[in-house]
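Worksheet: the structure to be examined is printed underneath.
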């Protein structure tokens, strides 16, 4: 029997074993009918991915199956698990969303859709595509948090199996993971996933550093065992003496956090490893504080190194007491003290909602904090029409460090480290941010660029006449503040551009129309139906005119023609006259280099205004007739125009100098010269010139001057 068949049989057996393990894990907490639905989802996914393989050579179904199995550890519900099994079918197979909705319900179909990339749309750059896909996922995530939970499991499995990818793709995926997905895992409290994603990204971005550091950690582990055991024994004994029931274990830093600490604080490896970490897990909140007292009586606390995240939870709902002690041999010992429920939230974050159905306050806090964060993402999305800019704001908002400040009424606000009163104002409400003129920090008037500290009380002073200052962008830290300020400034510029565009359009219509033209909503709608692709309304047409991206005469001409068609008249407006030096509204095409004297056509192009082509240009033939505009050259001109010329000459000493002299004699300028060998015959060379001439007639004189040289066989316009 051939090797290929043996591998196929092995894979089949592997899939059956993994599927059985998945259904067994799901059956531990789901109803039998739910498990039956998962079997159906597995069958649909397996059939849809039939014949598809991963880069490693494994059948593709092994990936969604592994993702779904991972999610059973978090006890995700049946809809989330079904979406995990089906998460790639819309993207990579012929299965449609209506089919999924019919078989598994609208919720599962929406989850799968939220996890699918926007593959069918074309974007100018990979960055734009990435940003648009991320924006789509964020919106789906805001509707249903299970989208990001499945996505993180998907990314974690992909990172674990990244070795089979090309190096450039590995680097790109690892960087994206480190910049976006690991911080999101942290932001929604999934610490375990956060740490593993960081380490896997570190491994692929800096393989040598990862290897050296991991060997050093393994070696140091043996040397540290004696100290760790001594601390564990002493702490356990003290807690027993204090009648506190607790579980204690040593806590190791992940490789990436060691690497970052060495980088940021300029520490050696031994200095980072000299800090010992332990976690004490107790039954209830009072026991947390009793354990803290017992530990402080055992080892002296280091001043300023105590944080109470139980009274004031972190932004992702994380709760714990943190204290650093002077341990044996003078070594610093970091202690985290928390309840079992808090420990579950710390490891799984918002996913702990499915793990613990106890209605615990810590779990509810994690859900509330995540909901608040998602709501702030929706607010930013509404304010930002640019996906790349939106992604930039999100990255800013994924800071791991936070500052906790108070409103005058005692409400706690969580902001990124380094935030200012302006960030605080936008966190309260976008309108408060827009109207902010001053702030009191701890009841004292302070500059708006003041950096806030933990525990500050902040009061914002507003005015109805105030508006955002562009200079705020130089010091605000939060994505919400940055998004709000940018959006306001854009809308302000847009309003000014629209007002100017309206004036310019009215002037252009007045110059064309014999009788006054009624620019009503119906006429605007007719114009948008033909020319309004990618524009959000006629107001944006006016803004494009005001910003110099659309030619007012071109828009006016089409409006006059449409008004005539409505009255049953075939109104034809004369051609638009151009000089070629109008600036941003008129551009000369680089594909055919039109010159005064050439027959030309204008193409109305979004974002570029009016692009002028020669009538003979092949690119014009592919343009929709409605976007073409009759144009003529104005007789009075005061500029030179670029054109390419090809010269075939004998490869003799001084030939190039003779040709350059002839061009100069004909009053043309040389912009650039490029030479290359030719297959026309031995001893000849092609010389390509980029020249500046006044018109077609001028070019003709230049070509005649070159052609008259003995060394030149042929000279022509390219």
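Residue numbers (this note's numbering): 6 to 723.
A virtual CB, placed ideally from N, CA and C, is assigned to each residue, including glycine.
For residue 293, the uninterrupted alpha helix (DSSP H) segment begins and ends at 290-303.
The alpha-carbon separation between residue 635 and residue 545 amounts to approximately 24 Å. Within the same chain, Cβ atoms closer than 6 Å to the Cβ of residue 311 are found at 328, the five residues on either side in sequence being excluded.
A residue is called buried when at least 16 other Cβ atoms come within 10 angstroms of its Cβ; residue 662 does not meet this threshold and is exposed.
With a 10 Å radius around the Cβ and a threshold of 16 neighbouring Cβ atoms, residue 246 comes out exposed. Annotation for residue 66: 20, 50, 51, 54 place their beta carbon closer than 7 Å to its own, counting only its chain and skipping 5 residues before and after. Here residue 680 carries a strand assignment [DSSP, helix/strand/coil]. The beta carbons of residue 85 and residue 151 sit closer together than 7 Å.
In the DSSP annotation of this structure, residue 480 is not part of any alpha helix (DSSP H), being labelled neither H nor E. According to DSSP, residue 638 shares a beta bridge with 583.
In the same chain as residue 283, and ignoring 5 residues on each side of it, the C-beta atoms closer than 8 Å to its own belong to 236, 237, 240, 253, 254, 255, 256, 338, 339, 340, 341, in chain order. With fewer than 16 other Cβ atoms from the protein chains shown falling within 10 Å of its own Cβ, residue 498 counts as exposed.
Here residue 650 is buried, its C-beta having at least 16 other C-beta atoms within 10 Å.
Taking all protein chains shown into account, residue 223 has fewer than 16 neighbouring C-beta atoms within 10 Å of its C-beta and is therefore exposed. For residue 414 and residue 467, the gap between their C-alpha atoms comes out near 17 Å. The Cβ-Cβ distance between residue 428 and residue 513 does not fall below 7 Å. With a cutoff of 7 Å on beta-carbon distance, residue 299 and residue 244 are scored as near each other.
Annotated three-state conformation of residue 58 is strand, per DSSP. The beta carbons of residue 697 and residue 676 sit about 6 Å from each other, so the pair counts as a contact at 8 Å. In the assembly as shown, residue 37 is an exposed residue. Its beta-carbon has fewer than 16 other beta-carbons within 10 Å. Between residue 206 and residue 182, the C-beta gap is smaller than 7 Å, which places the two residues in contact.
Ranked by how close their Cα comes to the Cα of residue 280, the residues 330, 201, 566 have 330 in first place.
The closest CA to that of residue 473, considering only 302, 604, 495, is found on 495.
Where residue 151 is concerned, there is no enclosing beta strand (DSSP E), although the alpha helix (DSSP H) around it starts and stops at 151-165. Classified as exposed, residue 504 has fewer than 16 neighbouring CB atoms from the shown chains inside 10 Å of its CB. In the displayed model, residue 618 falls within a strand according to three-state DSSP.
In the DSSP secondary-structure assignment, residue 651 is bridged to 693, 721. Ranking 196, 76, 90 by CA distance to the CA of residue 48 puts 90 first. Here residue 226 is exposed: its Cβ has fewer than 16 other Cβ atoms, across all protein chains shown, within 10 Å. In this structure, the alpha-carbon of residue 313 lies about 7 Å from that of residue 325. Annotation: residue 327 is outside any alpha helix (DSSP H); the continuous beta strand (DSSP E) that includes it extends over 326-331. Assigned with DSSP and collapsed to three states, residue 69 falls in helix. Secondary structure note for residue 340: its beta strand (DSSP E) is the uninterrupted segment 337-344.
Taking 7 Å as the cut-off, the beta carbon of residue 202 is found closer than this to the beta carbon of residue 186. Straight-line measurement puts the Cα of residue 71 at about 10 Å from the Cα of residue 26. Inter-residue distance for residue 105 and residue 121 is about 13 Å (C-alpha atoms, whole angstroms).
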